[in-house]
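Below is one structure, written out as structure tokens, with a few remarks after it.
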Amino acid sequence: MKRYSFLELAKNAFSAHQNWGRQWRAPEPKAEYDVVIVGAGGHGLATAYYLAKEHGVRNVAVLEKGWLGGGNTGRNTTIVRSNYLWEESAALYNHAIGLWQNLSQELNYNVMYSARGVMMLAHTVHDVQVAQRHIHANRLAGVQNEWLTPEQAKEYCPPLNIAKNIRYPVMGAALQRVGGTARHDAVAWGYARGADDMGVDIIQNCAVTGIRRDQNGAVEGVETAKGFIKAKKVGVVAAGHTSVVMDMAGVRLPLESFPLQALVSEPVKPAFPCVVMSNTIHAYISQSDKGELVIGAGTDQFVSYSQTGGIHITNHTIDAICELFPHFRRMRMLRNWGGIVDTTPDRSPILSKTPVKGLYVNCGWGTGGFKATPGSGHVFAHTIAKDEPHKINAPFTIDRFRTGRLIDEAAAAAVAH
Amino acid sequence: MLLIYCPYCGVERPETEFQCGGEAHIARPADPGQASEEDWVEFLYMRTNTKGIAAERWRHTNGCGRFFNAVRDTVSDKFLKFYKAGETMPDLEAIAKEAGK
Chain A
1 MKRYSFLELA
11 KNAFSAHQNW
21 GRQWRAPEPK
31 AEYDVVIVGA
41 GGHGLATAYY
51 LAKEHGVRNV
61 AVLEKGWLGG
71 GNTGRNTTIV
81 RSNYLWEESA
91 ALYNHAIGLW
101 QNLSQELNYN
111 VMYSARGVMM
121 LAHTVHDVQV
131 AQRHIHANRL
141 AGVQNEWLTP
151 EQAKEYCPPL
161 NIAKNIRYPV
171 MGAALQRVGG
181 TARHDAVAWG
191 YARGADDMGV
201 DIIQNCAVTG
211 IRRDQNGAVE
221 GVETAKGFIK
231 AKKVGVVAAG
241 HTSVVMDMAG
251 VRLPLESFPL
261 QALVSEPVKP
271 AFPCVVMSNT
281 IHAYISQSDK
291 GELVIGAGTD
301 QFVSYSQTGG
311 IHITNHTIDA
321 ICELFPHFRR
331 MRMLRNWGGI
341 VDTTPDRSPI
351 LSKTPVKGLY
361 VNCGWGTGGF
371 KATPGSGHVF
381 AHTIAKDEPH
391 KINAPFTIDR
401 FRTGRLIDEA
411 AAAAVAH
Chain B
1 MLLIYCPYCG
11 VERPETEFQC
21 GGEAHIARPA
31 DPGQASEEDW
41 VEFLYMRTNT
51 KGIAAERWRH
61 TNGCGRFFNA
71 VRDTVSDKFL
81 KFYKAGETMP
91 DLEAIAKEAG
101 K
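Read top to bottom, the protein sequences are chains A and B.
Heads up: the first sequence is residues 1 to 417, going by our numbering.
Heads up: the second sequence is residues 1 to 101, going by our numbering.
Given below as structure tokens:
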């Protein structure tokens, strides 16, 4: 792999940047792999990368029905944070935060991780109590999170309206300074380039149509648009389509897939310094490096695979944004879109072995999987390579819905996640 | 926004009058004392999450307040049938065939 550096940049400038090589190959599938990953989004590519890098498993294929990073990886609002309530979640998301710090250097690819701070607003007495409970729980778990008064919040984010006479006045905020944003596409591309360099085959436009099992029930391989591919182990990382793929192996999951929408404004000069989220009035907002305001809305209330959502959902979010940031009222929205998110009843993910030998699943990230991409791939690679979970993802089993040991983040982050 | 027909009111109304109750025809174990853990897991948590034609529950929250069921294509979001609560699940395959799926 040609390493990217300032020298390379300067050299390529002489040829007007026309001669940069391909970042990854476009191979035809081999007949057999040690591991097949279904889904080339951020989580799937990160899994393949860490399988090759940390576990020496390099005979790996990542199969993608569309194009790499074209699902929820390219559709999310790029927020990174780890201030979750329960120890299990805090450990999982904080593991990712640790990996985010040096990810650009690790991948030799600028993922534009920007720790600009994530501020979560409290608008009611109940919000204040919940936020402070989170802060205390986080501090005990070694996760950074702090309380701001409305004035301090305004100082951190000057566009914020802290007037007392609005419908939901700001009564304070929880700030995680290490939180922020990253360039979503670059994360997928960086992992793809790194994995490809270690021998991983990334096969796009190759939908999986079946999972073949031998007479003992163990996984034998996958049927695809490009024929049968033999595999000792199969890891499914298919986000909103996980139920569909796992049904091919007869595994039922506690998932429902909903459309989740986001939208961006016309690009403007830097006007918004951090990420602001409000779970109570359903809004989150940040500004991309291109200058667009990136706004996240809520999910629709019904199961859908349409990748579009109801206009009343985005409208509701825009109402909240206009009240919290009155000077954005005259901005025009450039485009909006939807992604299909797979949610679990306790709003925590599943990173687990399955009842089928050789079949593993990484799903249920719901409305907030992007932030966990490096950590998710890291522990899922461990789970596949060792055939047992890493201690961080050990609680995130399918079996928790039988034992009752749920990791209930629903109250913590039901909407903006 | 979806337009939804309430089979009790006999009118079509915007989605904001309704609440979706998820997958339809999930029966609570008849004898809870005898139900196994697996029965409860299936009842409480497991969902088919169909991509295609599926039956789901709706409630006309801001109308008559009653529950009813609907058959919808989860890819196009088009409704194919509405029917009252308590009626048996229609033949989804036949509905799919009729809709040309």
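Just so it is clear, CB atoms sit at the ideal spot from N, CA and C, and this is done for glycine as well.
A quick note: this is a predicted structure, and the numbers were derived from the prediction, not measured.
| Check | Outcome |
| --- | --- |
| Backbone secondary structure at Y5(B) - three-state DSSP | strand |
| Minimum Cβ-Cβ distance from S243(A) to chain B less than 8 Å | yes |
| Option in D39(B), G10(B), G63(B) with minimal Cα separation from F18(B) | G63(B) |
| Reduced DSSP secondary structure (H/G/I, E/B, other) of Y191(A) | helix |
| Segment limits, beta strand (DSSP E) that includes M120(A) | 118–122 |
| 8 Å Cβ cutoff, F401(A) in contact with chain B | yes |
| Three-state secondary structure assigned by DSSP to E32(A) | strand |
| Beta-ladder partner(s) of R59(B), from DSSP | Q19(B), F67(B) |
| Contacting residues, own chain, Cβ-Cβ under 6 Å from P326(A) (five flanking each side not counted) | N161 |
| Partners in chain A for T37(B), counting only beta-carbon separations shorter than 8 Å | The sequence given here places Glu at residue 37(B); Thr does not occur at that position. What E37(B) touches in chain A: R402. |
| Closest Cα partner of W444(A) within the set A31(A), A40(A), V125(A) | Residue coverage of chain A in this structure runs from 1 to 417, which leaves residue 444(A) outside it and unanswerable. |
| F396(A) - DSSP class collapsed to helix/strand/coil | coil |
| D91(B) (DSSP reduced to helix, strand or coil) | coil |
| Rounded C-alpha distance that separates L3(B) from D399(A) | 38 Å |
| Option nearest G296(A) by Cα separation, candidates A271(A), P259(A), S304(A), P270(A) | P259(A) |
| Rounded straight-line distance, which links the Cα of F14(A) to that of V415(A) | With a pLDDT of 48 at V415(A), under the threshold of 50, the modelled position of this residue cannot be trusted, and the question is left open. |
| Residue from T242(A), Q261(A), M248(A) with nearest C-alpha to P254(A) | T242(A) |
| Proximal residues, the segment 29–60 of chain B versus chain A, C-beta separation under 9 Å | E37, E38, W40, V41, E42, L44, Y45, M46, R47, T48, N49, T50, K51, G52, A54, E56, W58 |
| Beta-ladder partner(s) of T299(A), from DSSP | L260(A) |
| Where V237(A) sits in the DSSP three-state scheme | coil |
| Exposure of H95(A), with buried meaning 16 or more beta-carbon neighbours within 10 Å | buried |
| Through-space distance from Q132(A) to N83(A), alpha-carbon basis | 11 Å |
| Residue nearest to H136(A) in terms of C-alpha spacing, selected from F302(A), Y168(A), A90(A), Q152(A) | A90(A) |
| Cα-Cα separation, Q18(A) to Y4(A) | 15 Å |
| With 16 other Cβ atoms within 10 Å as the buried cut-off, status of E54(A) | exposed |
| D39(B) versus N205(A), N279(A), T403(A), A52(A), residue with shortest Cα-Cα distance | T403(A) |
| Partner residues on chain B for P169(A), Cβ-Cβ distance less than 9 Å | Going along chain B, no residue has its Cβ under 9 Å from P169(A), so there is no contact; the nearest lies around 26 Å. |
| Buried/exposed call for H417(A), threshold 16 Cβ in 10 Å | Below a pLDDT of 50, predicted positions are generally treated as unreliable, and H417(A), at 46, falls in that range; no measurement from the model is reported. |
| Inter-stretch contact at 8 Å, needing at least 3 Cβ pairs: the segment 140–149 of chain A / the segment 200–208 of chain A | no |
| Range of the contiguous beta strand (DSSP E) that encloses I211(A) | 208–213 |
| Burial state of F497(A), where buried means 16 or more other Cβ atoms lie within 10 Å | Absent from the structure is residue 497(A), since the part of chain A shown begins at 1 and ends at 417. |
| Closest Cα partner of V125(A) within the set Q152(A), V236(A), P169(A) | P169(A) |
| Beta-carbon gap between G210(A) and E220(A) smaller than 8 Å | no |
| Element boundaries [beta strand (DSSP E), containing M246(A)] | First-last for M246(A): 242–247, but that is the alpha helix (DSSP H), not the beta strand (DSSP E). |
| Three-state secondary structure (DSSP) of W100(A) | helix |
| Inter-residue spacing [alpha-carbon to alpha-carbon] between D346(A) and D408(A) | 5 Å |
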